[in-house]
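Numbered by the working numbering, the letters in the sequence shown go through residues 1 to 142 in order.
Built from N, CA and C at the ideal position, the CB exists for glycine as well.
Step one of this worksheet: look at the structure below.
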Amino acid sequence: MIIVILAYQIKQIMRTKNVMKFFLVLCMGISTVACAQEKQDHLMSNETFKEVIETNKVQLLDVRTEKEFNEGTIEYAKNIDVLQDNFLEEANKLDKSQPLYIFCKSGKRSAKARNMLLEQGFEKVYELKEGYSKWNTTSVEN
Numbered sequence: 001m002i003i004v005i006l007a008y009q010i011k012q013i014m015r016t017k018n019v020m021k022f023f024l025v026l027c028m029g030i031s032t033v034a035c036a037q038e039k040q041d042h043l044m045s046n047e048t049f050k051e052v053i054e055t056n057k058v059q060l061l062d063v064r065t066e067k068e069f070n071e072g073t074i075e076y077a078k079n080i081d082v083l084q085d086n087f088l089e090e091a092n093k094l095d096k097s098q099p100l101y102i103f104c105k106s107g108k109r110s111a112k113a114r115n116m117l118l119e120q121g122f123e124k125v126y127e128l129k130e131g132y133s134k135w136n137t138t139s140v141e142n
């Protein structure tokens, strides 16, 4: 929709031969499109997530509840429930300069946790796309 509006505006501007106006609209359009496309490079597929945690020494964080954690998790994951008041206090004990790989059940809580962790100064926080429920149905290892 934005592109259609921009194309129309550009066509109108070109008719009047107002080059400055053209470049202004063009710049606004580019910045609008760039802002609208949020990068998702922090989300990892099951395959990529599994490969990374198996081939590297990583910080692996399960942000689900203790009950969910006890029902099954990814091997070597540490459990800090993002919904608990002490989440940031416990998370701040982790190494902020090292990559942190996090997951929850479906991806919603890990997204919330990721934002909180980035605000606390963690440099690289990666999420398991679609969470543990998807991992548990497609992975042989839990």
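Distance, residue j Cα to residue i Cα
i	j	result
lysine 134	asparagine 46	8 Å
glutamate 71	glycine 121	31 Å
asparagine 221	asparagine 115	With the chain covering 1 to 142 only, the question about residue 221 has no answer from this structure.
valine 102	glutamate 89	The sequence given here has isoleucine at residue 102, not valine. Approximately 16 Å between the Cα atoms of the pair.
glutamate 119	tyrosine 126	14 Å
serine 106	lysine 96	24 Å
leucine 61	lysine 78	5 Å
tyrosine 132	threonine 73	8 Å
lysine 112	valine 63	10 Å
Beta-carbon spacing of residue i, residue j below 8 Å
i	j	result
threonine 65	leucine 83	yes
leucine 128	phenylalanine 49	yes
Cβ neighbour criterion (16 or more within 10 Å) applied to residue i
i	result
tyrosine 76	exposed
glutamine 98	exposed
aspartate 81	buried
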